[in-house]
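See below for the structure under consideration.
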Amino acid sequence: MDNDHSADAISTFDCNILRDAFRTSVIENRIPEDQWQGYAALLIRDYTGNSDCESALLAWVVRK
Numbered sequence: 008m009d010n011d012h013s014a015d016a017i018s019t020f021d022c023n024i025l026r027d028a029f030r031t032s033v034i035e036n037r038i039p040e041d042q043w044q045g046y047a048a049l050l051i052r053d054y055t056g057n058s059d060c061e062s063a064l065l066a067w068v069v070r071k
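Pasting the structure below:
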């Protein structure tokens with residue numbers, strides 16, 4: 008299956024999916040807060056297939 012979620016064209020729906028997945032993972036895996044940035048960046052990179060992660064998106068995903 009092709010991963011065509013480029014960072015330039017990520018939708019609001021995709022952002023919400025990423026944030027929900029991040030929150031669920033943090034709770035289920037008990038990820039410490041000091042590791043949230045790195046974990047969220049990895050999640051975003053895996054989803055988009057792009058090695059660059061926009062800082063505003065990253066901040067929004069990890070915000071409480």
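According to our numbering, the sequence shown is numbered sequentially starting from 8. Note that the Cβ used here is the ideal one computed from N, Cα and C, for glycine as well. These figures come from a predicted structure and were not determined experimentally.
Between D9 and the rest of its own chain, which residues show a CB-CB distance below 6 Å, the 5 nearest in sequence each way excluded?
For the purposes of this step, residue 9 is taken as the residue at position 2 of the sequence shown. Here the model assigns D9 a pLDDT of 49, short of 50, so the residue's position is not dependable, and the following value carries that caveat. Nothing meets the Cβ criterion.
Counting along the chain, where does the alpha helix (DSSP H) carrying E5 start and finish?
Because the chain in this structure spans residues 8 to 71, residue 5 falls outside the shown range and cannot be described.
Please classify G56: does DSSP put it in a helix, a strand, or coil?
As a first step, residue 56 must be located in the sequence shown, where it is residue number 49. G56 falls in the coil class under three-state DSSP.
Please list, in chain order, all residues of the same chain as L25 whose beta carbon is under 7 Å from its beta carbon, the five residues on each side excluded.
For the purposes of this step, residue 25 is taken as residue 18 along the sequence shown, with counting starting at 1. Counting only Cβ-Cβ distances below 7 Å, and skipping sequence neighbours, we find L50, I51, Y54 and V68.
Find out if the Cβ-Cβ distance for the pair L64, C22 is shorter than 8 Å.
In the sequence shown, the residue the question calls residue 64 occupies position 57. In the sequence shown, the residue the question calls residue 22 occupies position 15. Cβ distance < 8 Å, so L64 and C22 count as in contact.
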